[in-house]
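All residue numbers in the sequence shown are consecutive under this note's numbering, ending with 1787. Only one structure is covered here, and it is reproduced in the block below.
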Amino acid sequence: QALDAQGLRGLFDDLEVPLIPILADMELAGVEIDGAFFADMSARLEEELRAVRERIYETAGGEFNINSTPQLREILFDRLELPVLKKTKTGPSTDSSVLEELAAEGHEIPRLLMDYRQLEKLRSTYVDAFPALVNPETGRIHTTFNQAVAATGRLSSSDPNLQNIPIRTELGREIRKGFVAREGCSLLAADYSQVELRILAHFSGDEVFVRAFNQGKDVHRETAAVIFDVPVEEVTAEMRGQAKTVNFATLYGQGAFGLARQLGIPRDEAKSFIDQYFERFSGVRRYLDEQVAMAKERGFVETLLGRRRFVPELRSKNWNVRQFGERVAQNTPIQGTAADMIKLAMIRVDEALGPRDGVELLLQVHDELVFEVEDEQVEEVAVVVKGAMEAAMTLDVPVRVDWGAGRTWYDCKG
């Protein structure tokens, strides 16, 4: 009755329930890993950690326990007299945001400490952990997919989490080399291209944005031309990279302060980027403002398929909490629609492939589906998967899916 009252019956019956057996099959299938690769990578990471550790000791003027906060405080703020940027109840903070800011100011040891923490996390959370999680009976890793945990409607993964394997650094991406196809098979990865930006174009109806996608233009290059005020043909790779960050900052309601920190530029320059962006893409500004106003009026926002997220934070007396609520109101319809789209795609792909031997869906990582496919079927299956994913949900702009295949998950990105 509650589902009917809120208009959610269709979402439940046509999306969430049909997805259950698909997720069960994925959890049962598991994924194979290359134990020898992870052992070798662990040894390489240990060697790199040792080298970074020695440089830290050298810069600090002596050995200390890098993982001890009190000792780290003593080195950074007493011995080296670096500026205290943030305080906790027990003393100066040494968290990642503090190290990042100190490193940006040109201090050597915070940068080394960030490198050390990143390497240590890669090794302990992924490289050393995965081999220990292999099921002795199947010889594969079996994750659990959580269907109703994330407020946006996204799937999450746990025990282990296979959705947050790092992709921002080359070393992080290398972890995917350890995920392999069984003998005689390849891994096939198909992912939506710029899906959240396409959904933003659909919702906002911004003429410039919609036209760019409909004409098959590179949206990040178009944005770069706007914020740097240059012709599209003069946009450099660096400009495009910064414009890409601006596009996603807009999606997640990031302000000038956050963007400046992310791009390593002055705050007024970041504000100028945002102002120029919204001047050019005025439909986007209008849409984001409308979402906040609607959420304040109704108490919730909706995805394209009607999934609701209530936003009580908008009624808070605390300004920071209200700001968070505004970002939720702006981003949830976009991220939630992307979540609905890939869930629907999983059902459509399952229907299109039918009861076919030699093909198994193994993983869903937000905008990406990973299959294990018999080598001789790869091309044929890729065509079916791409077609079903692109047709899963109709937007006012084209939906595009890219795919790749290879012996390892890393190889799929070509």
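Beta carbons: idealized from backbone N, C-alpha and C, even for Gly. All of these numbers come straight from a predicted model, not from anything done at the bench.
The region 1460-1467 and the region 1380-1395 do not touch, with fewer than 3 CB-CB distances between them shorter than 8 Å. Scanning its chain for C-beta atoms nearer than 8 Å, with the 5 sequence neighbours on each side dropped, one finds around I1439 the residues R1426, I1429, L1445, L1486, Y1489, in chain order.
Rounded to the nearest angstrom, the gap between the Cα atoms of K1460 and F1450 is 12 Å. With a 10 Å radius around the Cβ and a threshold of 16 neighbouring Cβ atoms, Q1737 comes out buried. A direct Cα-Cα distance of roughly 14 Å separates R1658 from V1583. Around the Cβ of R1671, a 10 Å sphere holds fewer than 16 other Cβ atoms; the residue is exposed.
Per DSSP, reduced to three states, the secondary structure at W1782 is coil, with no helix or strand assignment. Check the Cα spacing between G1777 and each of A1629, K1759, K1716: the tightest is with K1759. Note that the C-beta distance between E1400 and T1517 is below 8 Å. Three or more beta-carbon pairs drawn from the region 1609-1617 and the region 1578-1596 are found closer than 8 Å, and the two stretches are therefore classed as touching.
Taking all protein chains in view, the Cβ of E1405 is crowded by 16 or more other Cβ atoms within 10 Å, so the residue is classified as buried.
In the displayed model, A1764 falls within a helix according to three-state DSSP. I1448 counts as buried, since at least 16 other C-beta atoms from the protein chains shown sit within 10 angstroms of its C-beta. In the DSSP secondary-structure assignment, S1531 is bridged to T1517. Assignment of K1462 by DSSP, reduced to helix, strand and coil, places it in the coil class.
Taking C-beta separations shorter than 6 Å and ignoring five residues to either side along the sequence, the partners of V1722 in its chain run V1758, A1761, following chain order. Within the region 1377-1401, no beta strand (DSSP E) run of at least 3 residues lies entirely inside it.
Taken in chain order, the whole alpha helix (DSSP H) runs of length 4 or more contained in the region 1730-1775 are 1751-1764. Taking C-alpha positions only, A1476 is separated from D1740 by approximately 33 Å. With a cutoff of 8 Å on beta-carbon distance, S1559 and D1748 are scored as near each other. Here the region 1617-1635 makes contact with the region 1697-1711; the two share three or more CB pairs at distances below 8 Å.
Just measuring C-alpha positions, the residue of L1632, V1694, L1677, G1698 sitting nearest F1683 is G1698.
The Cβ atoms of G1727 and V1746 do not sit closer than 8 Å to each other. Taking 8 Å as the cut-off, the beta carbon of R1527 is found closer than this to the beta carbon of A1712. Uninterrupted beta strand (DSSP E) stretches at least 3 residues long and entirely within the region 1596-1683 occur at 1673-1675, 1681-1683, given in chain order.
One Cα belongs to V1754, the other to L1561, and the distance between them is close to 9 Å.
Under the DSSP assignment, S1559 falls in the beta strand (DSSP E) whose first and last residues are 1558-1565. For M1766, the closest alpha carbon among the candidates M1719, S1531, P1504, S1655 is that of M1719. DSSP lists no bridge partner for E1569. In its chain, beyond the 5 residues on either side, R1682 have a beta carbon closer than 6 Å to the beta carbon of A1524.
Exposed is the label assigned to Q1588, since fewer than 16 other Cβ atoms lie within 10 Å of its Cβ. Excluding sequence positions up to five before and after H1480, its CB lies within less than 7 Å of the CB of L1455, all in the same chain and listed in chain order.
Each of P1443, I1482, A1402 was checked against the Cα of T1432, and the nearest Cα belongs to I1482. In the structure shown, the three-state DSSP call for F1437 is coil. For K1494, the uninterrupted alpha helix (DSSP H) segment begins and ends at 1481-1494. Distance from F1646 to L1632 at the Cβ level is roughly 7 Å; contact confirmed, criterion being Cβ atoms closer than 8 Å.
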